[in-house]
């Protein structure tokens with residue numbers, strides 16, 4: 177199981193020996209969100225340093241996703257098509273796939289708040305975005321339908 181730590185990077189815990197192994201390859205301390213995608217890459221959202229990804233088996237530093245702002249990434253999710261969503265504190269949501277990066281905010285979409293607490297995709301490929309002001313149901317991966325519910329997280 178992977179763990180992101182505030183002030184101490186990323187570690188992996190072997191479930192048979194219950195020992196932590198440090199993975200300092202991100203070179204960052206304030207990890208706020210983690211995702212292991214279907215290709216075996218670790219994505220790490222940080223508090224103030226943006227979004228990074230790295231293949232666990234590769235040596236060297238992680239790749240910074242330069243098009244994603246340097247603020248706080250609160251949550252990460254991968255949908256059935258392999259698109260990674262990164263929810264931000266104060267900067268909406270980024271959707272990242274092989275075709276590029278799309279950025280949704282209050283200013284350019286129907287997103288009700290730029291503070292995104294959680295994002296999850298369901299088995300049908302719909303994306304759910306929980307913000308400080310309500311939840312969005314996104315059948316196309318783009319914020320479209322607003323459901324009134326404030327300050328919620330998704331399970």
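Residue numbers (the numbering used here): 177 to 331.
For each residue, glycine too, the CB sits at the ideal point set by N, CA and C.
{"query": "Could you tell me the distance, in whole angstroms, from the CA atom of residue 251 to the CA atom of residue 288?", "result": "17 angstroms"}
{"query": "Grab me the residues of residue 242's own chain with a C-beta within less than 6 angstroms of its C-beta, minus the 5 sequence neighbours each way, in chain order.", "result": "none"}
{"query": "With DSSP as the reference, label residue 248 as helix, strand or coil.", "result": "strand"}
{"query": "For residue 291, which option in 303, 270, 274 and 277 has the closest C-alpha, if you only look at C-alpha atoms?", "result": "270"}
{"query": "Helix, strand or coil for residue 212 per DSSP?", "result": "strand"}
{"query": "Quick check: the Cα distance between residue 277 and residue 260, rounded to an integer number of angstroms?", "result": "9 angstroms"}
{"query": "Considering only the beta carbon of each residue, do residue 231 and residue 245 sit closer than 9 angstroms?", "result": "no"}
{"query": "Should residue 253 and residue 295 be called a contact, given that it needs their Cβ atoms to be closer than 9 angstroms?", "result": "yes"}
{"query": "Of the residues 312, 302, 275 and 207, which one's Cα is nearest the Cα of residue 281?", "result": "312"}
{"query": "Under three-state DSSP, which class holds residue 274?", "result": "coil"}
{"query": "Should residue 301 and residue 256 be called a contact, given that it needs their Cβ atoms to be closer than 9 angstroms?", "result": "yes"}
{"query": "The beta strand (DSSP E) that contains residue 262, what's its start and end?", "result": "260 to 264"}
{"query": "Considering just the uninterrupted stretch of the beta strand (DSSP E) at residue 297, what are its terminal residues?", "result": "292 to 297"}
{"query": "Ordered along the chain, which non-local residues of its own chain (more than five positions away) have a Cβ less than 6 angstroms from that of residue 227?", "result": "221, 241, 244, 249 and 262"}
{"query": "Under the rule that 16 or more other beta-carbon atoms within 10 Å means buried, what is residue 307, buried or exposed?", "result": "buried"}
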